[in-house]
Amino acid sequence: MKKILVTGAFGFIGSHLVEFLTSKGYNVIAFDRYNINNDYGWLNNSKYKNDIEFCLGDIRDFDSVYKVVNRSKSIFHLAALIGIPYSYLSPLAYLKTNLEGTYNILESAKNCKINNILITSTSEVYGSAVKIPIDENHRLLGQSPYSASKIAADQLALSYYLSFKLPIKIVRPFNTFGPRQSTRAIIPTIISQLMQNTKSIKLGNVNTKRDYTYVNDVCSAFLEISKSRNLFGEVTNISTNQNYSIVEILNIISKLMKVNPEIIKDKKRVRPKNSEVIELIGDNLKLKNNTKWKNNYSFKKGLKETINWYKKNKHKYNFIDYHV
Ligand SMILES: NC(=O)c1ccc[n+]([C@@H]2O[C@H](COP(=O)([O-])OP(=O)(O)OC[C@H]3O[C@@H](n4cnc5c(N)ncnc54)[C@H](O)[C@@H]3O)[C@@H](O)[C@H]2O)c1
């Protein structure tokens with residue numbers, strides 16, 4: 005029996021998506037980077053471990069991708085390098101993983117006649133908003149090598165739809181948050197710093213605004229988009245139509261954690277001026293008009309779940325002073 009392939013399955017969103025699909029009765033192959041320890045990342049202790057098929061390989065390696073795609077009936081492609089700061093240091097690594105990795109998926113899917121392929125993009129491809137809320141027709145601007153590699157991958161996927169009728173759908177999540185996210189991301193950075201020090205917090209630019217969707221809602225959006233018959237060859241935003249600045253998030257989290265920290269500006273956390281995306285807020289009308297998706301977690305409810313999870317799981321993190 006052919007299964008649903010999830011790439012990037014051991015990471016933050018991928019591990020939630022694998023568990024979400026498995027809980028709904030789908031048979032999933034969880035694909036992520038080869039390692040000699042059979043380390044399945046966030047799926048190591050999953051309650052669904054016995055129901056998941058694990059496949060170790062490398063998204064940059066056509067052979068390993070082709071072989072797993074050939075055993076699949078549909079694909080959720082999430083594997084990527086996602087850190088913006090490291091993309092300043094090693095842009096080529098981002099092209100190899102994010103662009104060439106997507107090529108490997110598309111070309112394999114074409115040869116194996118896969119009938120439903122979700123390619124995961126990101127709201128970072130829009131650059132700073134010129135018009136808000138940002139709909140799918142907003143102009144694209146690669147303000148970081150990460151964003152540029154994702155724009156390139158999106159365009160390649162669209163070209164496979166237009167040239168070869170490959171049934172792709174591009175999903176464009178705005179910021180996602182929830183349990184298991186790297187403490188380099190802003191919400192876990194705030195929570196983890198406040199768990200260690202309630203008096204002060206080191207942050208970069210606190211005025212940037214983003215649109216945050218709780219990870220469970222992102223997973224249900226992935227599934228709804230994959231089920232839609234209308235969204236082949238289309239880009240679909242996943243967002244809440246609401247945004248928050250970092251200082252606003254700090255205030256909400258501080259209230260929930262009952263602390264009152266002083267902000268210390270940390271220059272290491274500030275991005276190069278022209279690379280910093282000032283404001284993102286996503287228009288989710290297309291998602292709502294074409295699927296049954298709705299946002300089940302308010303921002304505050306998602307933050308409460310996230311704070312509780314980080315408190316329970318602090319032993320799993322090495323809280324070093326990250327450059328975010
Ligand atoms: N987290 C967000 O807020 C967000 C927002 C928009 C879009 N996205 C996109 O969602 C996807 C998942 O992001 P995430 O936040 O879960 O990141 P993550 O870093 O937690 O997960 C990425 C996964 O890809 C895997 N991977 C990287 N290189 C690989 C390789 N060479 N071969 C096989 N696997 C490899 C990693 O091991 C990791 O498990 C990415 O495509 C990202 O661009 C994330």
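For the working numbering, add 4 to where a residue sits in the sequence shown, where the first one is 1. Glycine included, each C-beta is placed from N, C-alpha and C at the ideal position.
I want to know whether the region 18-27 touches the region 213-232 - three or more CB-CB distances under 8 Å.
In short, these stretches touch, since the Cβ pair count reaches three.
Measuring straight from C-alpha to C-alpha, what distance separates G29 and R275?
Taking the sequence shown and counting its residues from 1, the one referred to as residue 29 is at position 25. Taking the sequence shown and counting its residues from 1, the one referred to as residue 275 is at position 271. If you draw a straight line from the Cα of G29 to the Cα of R275, it is about 43 Å long.
For G45, which residues in the same chain have their Cβ closer than 7 Å to its Cβ, ignoring the five residues on either side in sequence?
The residue labelled residue 45 in the question sits at position 41 within the sequence shown. So the list reads F14, G15, S19, D36, once near-sequence residues are dropped.
Three-way DSSP call (helix, strand, coil) for K308 in this model:
Against the sequence shown, residue 308 aligns to sequence position 304. When secondary structure is reduced to three states using DSSP, K308 falls in the helix class.
Report all residues from its chain with a CB closer than 6 Å to the CB of K315; omit the five preceding and five following residues, and keep chain order.
Mapped onto the sequence shown, residue 315 falls at position 311. Exclusion of the five residues before and after K315 leaves no residue of its chain whose Cβ lies closer than 6 Å to its Cβ.
What residue does the beta strand (DSSP E) around T11 start on, and which one ends it?
Counting from 1 along the sequence shown, the entry for residue 11 is found at position 7. Per DSSP, the unbroken beta strand (DSSP E) holding T11 starts and ends at 7-11.
Which residue's Cα is closest to the Cα of K135: N264, K292, E252, L284?
Along the sequence shown, read from residue 1 onward, the residue named residue 135 stands at position 131. The candidate whose alpha carbon is nearest that of K135 is L284.
Kindly list the residues whose CB is nearer than 6 Å to the CB of L144, restricted to its own chain and excluding five residues on each side of it in sequence; keep chain order.
Here residue 144 refers to the residue found at position 140 when the sequence shown is read from its first residue. Excluding residues up to 5 positions away in sequence, V129, I155 lie with their Cβ nearer than 6 Å to the Cβ of L144 in the same chain.
With distances taken from CA atoms, which of Y70, Y165, Y150, Y164 is nearest C116?
The count along the sequence shown starts at 1 and reaches residue 116 at position 112. Taking only the C-alpha atoms, the option nearest C116 is Y70.
Close-in-space but distant-in-sequence residues of the same chain around F236 (CB under 8 Å, 5 per side omitted):
Residue numbering aside, residue 236 sits at position 232 when the sequence shown is read from its first letter. Excluding positions up to five away in sequence, the list reads Y165, P171, I172, K173.
Taking DSSP as the reference, what is the three-state secondary structure of Y248?
The residue given as residue 248 occupies position 244 in the sequence shown. The three-state reading of DSSP puts Y248 in strand, counting E and B together.
With distance defined between alpha-carbon atoms, name the residue in R64, I33, N42 nearest to Y52.
By 1-based counting over the sequence shown, the position of residue 52 is 48. Selection R64, I33, N42 evaluated against Y52 yields I33 as nearest (Cα-Cα).
Check for me: the beta strand (DSSP E) holding I268 runs from which residue to which?
Residue numbering aside, residue 268 sits at position 264 when the sequence shown is read from its first letter. Bounds of the beta strand (DSSP E) holding I268 are 266-269.
Examine ligand 1 and report whether any of its heavy atoms sits within less than 7 Å of the Cβ of S132.
The count along the sequence shown starts at 1 and reaches residue 132 at position 128. Not so, every heavy atom of ligand 1 lies at least 7 Å from the Cβ.
In whole angstroms, what is the alpha-carbon distance linking K308 and K169?
The sequence position of residue 308 within the sequence shown is 304, counting from 1. The sequence position of residue 169 within the sequence shown is 165, counting from 1. Distance between the alpha carbons of K308 and K169 is about 44 Å.
So S167 and N119 are supposed to be a Cβ contact under 8 Å. How far apart are they, rounded?
If you number the sequence shown from 1, residue 167 lands on position 163. If you number the sequence shown from 1, residue 119 lands on position 115. A Cβ-Cβ separation of about 17 Å leaves S167 out of contact with N119 under the 8 Å criterion.
When the Cβ atoms of the region 276-296 are set against those of the region 236-248, are three or more pairs found closer than 8 Å?
Touching, yes, given that three or more Cβ pairs across the two stretches are closer than 8 Å.
Coarse secondary structure for V239, derived from DSSP in three states
Walking along the sequence shown from the start, residue 239 turns up at place 235. In the displayed model, V239 falls within a strand according to three-state DSSP.
Local Cβ density within 10 Å of V328, reported as buried at 16 or more and exposed below that
One-based indexing of the sequence shown puts residue 328 at position 324. Confidence in V328 is poor, its pLDDT being 37 and thus under 50, which makes the residue's placement unreliable; the coordinate value appears in the next sentence. Buried, by the Cβ-count rule.
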